[in-house]
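In what follows, a structure is listed as structure tokens, so that the remarks can point back to it.
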Amino acid sequence: MQDLEKDFQDRIDRGEVIEPRDWMPEKYRKTHIRQISQHAHSEIVGMLPEGNWLTRTPTLRRKVALLAKVQDEAGHGLYLYSAAETLGISRDELFEQLNAGKAKYSSIFNYPTLSWADIGIIGWLVDGAAIINQVMLTRTSYGPYARAMVKICKEESFHQRQGFEIMMTLCNGTAVQKQMAQDSLNRWWWPSLMMFGPPDAESTHTEQSMKWKIKLKTNDELRQQMVDVTVEQAKVLGLTMPDPDIKWNEERGHYDFGEIDWEEFWQVVKGYGPCNKERLAARNKAWDEGAWVREAAVAYAEKQAAKRTQAIAV
Ligand code: FAQ
Numbered sequence: 002m003q004d005l006e007k008d009f010q011d012r013i014d015r016g017e018v019i020e021p022r023d024w025m026p027e028k029y030r031k032t033h034i035r036q037i038s039q040h041a042h043s044e045i046v047g048m049l050p051e052g053n054w055l056t057r058t059p060t061l062r063r064k065v066a067l068l069a070k071v072q073d074e075a076g077h078g079l080y081l082y083s084a085a086e087t088l089g090i091s092r093d094e095l096f097e098q099l100n101a102g103k104a105k106y107s108s109i110f111n112y113p114t115l116s117w118a119d120i121g122i123i124g125w126l127v128d129g130a131a132i133i134n135q136v137m138l139t140r141t142s143y144g145p146y147a148r149a150m151v152k153i154c155k156e157e158s159f160h161q162r163q164g165f166e167i168m169m170t171l172c173n174g175t176a177v178q179k180q181m182a183q184d185s186l187n188r189w190w191w192p193s194l195m196m197f198g199p200p201d202a203e204s205t206h207t208e209q210s211m212k213w214k215i216k217l218k219t220n221d222e223l224r225q226q227m228v229d230v231t232v233e234q235a236k237v238l239g240l241t242m243p244d245p246d247i248k249w250n251e252e253r254g255h256y257d258f259g260e261i262d263w264e265e266f267w268q269v270v271k272g273y274g275p276c277n278k279e280r281l282a283a284r285n286k287a288w289d290e291g292a293w294v295r296e297a298a299v300a301y302a303e304k305q306a307a308k309r310t311q312a313i314a315v
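So the mapping is simple: our numbering equals the position in the sequence shown, first residue as 1, plus 1.
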């Protein structure tokens with residue numbers, strides 16, 4: 002066993018990609034099921050805050066773009082559930098965990114979308130944060146996950162741009178529109194920084210995940226990257242960052258920023274955020290109402306299989 006683990010670590014250190022049939026430590030498999038499924042659930046639950054605005058977009062062009070984006074998120078969920086299934090867990094089991102409230106998904110999707118500007122901000126900040134995290138994941142050690150990330154990142158990049166374009170339009174619009182954009186930034190900035198997970202000192206999985214190249218950068222490193230990029234983009238928009246402690250630090254070559262309210266983060270993760278109950282209820286409703294579709298798909302597949310067997314017999 003020790004030899005197998007050493008060989009495995011050597012493969013990782015050489016930069017080799019691990020495939021589903023390769024030997025892997027049980028903890029590596031479990032960590033991937035945990036992370037990939039949390040990621041898949043985030044994509045699916047992440048459709049809800051934006052779905053809330055599909056019937057209320059300001060123009061037809063915005064509606065087409067938002068519809069495409071929300072559908073992309075469903076697609077991302079599907080690639081990721083498929084990647085998780087290669088590790089020996091079934092999709093039904095994963096959905097059961099989500100619907101029962103046992104599985105985690107990103108804290109950010111437990112916040113409400115109160116104005117149209119929130120749709121711009123999700124693209125700009127939430128997809129922006131997702132790209133920073135996921136570009137790293139395209140080089141992660143597990144093949145099916147890393148490959149899924151390549152396509153997802155291309156799509157996230159379009160999502161980020163459509164969000165930034167909405168922000169740009171609002172910021173160049175009337176004073177009320179600009180205020181709407183500022184209010185949205187004020188509400189979403191801190192939760193966006195929380196997306197990267199707890200500070201490194203409190204992150205239970207980072208050390209082992211870095212050794213196995215499941216993570217290539219720590220939560221704090223990625224969060225810093227997000228701050229550095231976003232502060233510059235906010236200048237272009239003419240918005241004020243809702244953090245008086247943001248200041249360029251010449252010595253570090255990065256922006257310093259203020260304290261994150263980790264108490265709020267853990268409350269949201271534990272199920273007490275503003276929309277946790279609403280999100281789970283929506284997922285359960287969709288699951289129950291979709292039962293006839295799943296039954297019809299199985300019945301159709303069985304019919305087709307029976308036809309094929311008959312054709313072979315003839
Ligand atoms: N929310 O030891 P760490 C998107 C949990 S996709 C809730 O640091 P790790 C696209 C963590 O699970 C967004 N829980 O954990 C989109 C662990 O609990 P556990 C999702 C969180 O895994 C855009 C505990 O805290 N992206 O946005 C969060 O090493 C727009 C200790 O934490 C991914 O999932 C959180 N924010 O690092 C869709 C990317 N952070 O499992 C729609 C893949 C941490 O022991 C619209 N995931 N926790 O019970 C990752 O890269 C990592 O899992 C991290 C966390 C970096 C999120």
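Don't be surprised by glycine CBs; every beta carbon is placed ideally from N, CA and C.
Buried versus exposed call for residue i [16 or more other C-beta atoms within 10 Å across all chains shown]
i	result
T241	exposed
G239	exposed
V294	exposed
W249	exposed
P113	exposed
V65	exposed
R224	buried
Y301	exposed
D262	exposed
W47	With the sequence shown as reference, residue 47 is identified as Gly, and Trp is not the correct amino acid for it. Counting Cβ neighbours within 10 Å, G47 comes out buried, since at least 16 surround it.
S91	exposed
R82	Reading the sequence as shown, one finds Tyr at residue 82 and not Arg. Its Cβ being crowded by 16 or more others within 10 Å, Y82 is buried.
D244	buried
M2	exposed
N111	buried
Q72	exposed
K70	buried
E20	exposed
Which of helix, strand or coil DSSP assigns to residue i
i	result
Y112	coil
K318	The question about residue 318 has no answer, for the chain in this structure spans 2 to 315.
I13	helix
I19	strand
I90	coil
D128	helix
H42	helix
N173	coil
F197	coil
M168	helix
L240	coil
W190	helix
T58	coil
D232	The sequence given here has Val at residue 232, not Asp. In the structure shown, V232 sits in a helix (DSSP, three-state: H, G or I).
W24	coil
D262	coil
S1	Lying before the first or after the last residue shown, residue 1 is absent from the chain, which here runs from 2 to 315.
S204	coil
V315	coil
M227	helix
Boundaries of the beta strand (DSSP E) in which residue i is found, first to last residue
i	result
K105	Here K105 belongs to no beta strand (DSSP E), and DSSP marks it neither H nor E.
Endpoints, alpha helix (DSSP H) assigned at residue i
i	result
Y273	It is not in any alpha helix (DSSP H) - Y273 carries neither H nor E in the DSSP assignment.
Y80	L61 to E86
P50	M48 to G52
R284	N277 to E290
D119	A118 to I122
T207	T207 to K212
Beta-carbon separation (whole angstroms), residue i vs residue j, contact threshold 8 Å
i	j	result
Q161	W125	7 Å
G121	I153	Not a contact, Cβ separation roughly 21 Å.
T34	A85	Per the sequence presented here, residue 34 reads as Ile, with Thr not at that position. I34 to A85, Cβ: 6 Å. Contact.
V127	S193	6 Å
E74	E44	5 Å
S107	I215	Not confirmed; about 17 Å, so no contact.
N100	R280	That belief does not hold up - the Cβ atoms of N100 and R280 are roughly 11 Å apart, past 8 Å.
L171	A130	That belief does not hold up - the Cβ atoms of L171 and A130 are roughly 20 Å apart, past 8 Å.
T87	S210	Not confirmed; about 18 Å, so no contact.
V228	F258	5 Å
V18	G144	5 Å
Bridge partners - residue i, DSSP secondary structure assignment
i	result
K248	D257
Y301	Its beta-bridge partners do not exist; DSSP assigns none.
Y143	I19
Min CB distance residue i to chain C below 9 Å
i	result
K152	Note that chain C does not occur in the displayed structure, where there is just one protein chain.
Any non-hydrogen atom of the ligand HEM within 8 Å of residue i CB
i	result
H160	Absence of the ligand HEM from the depicted structure is noted, with the ligand FAQ being the only ligands included.
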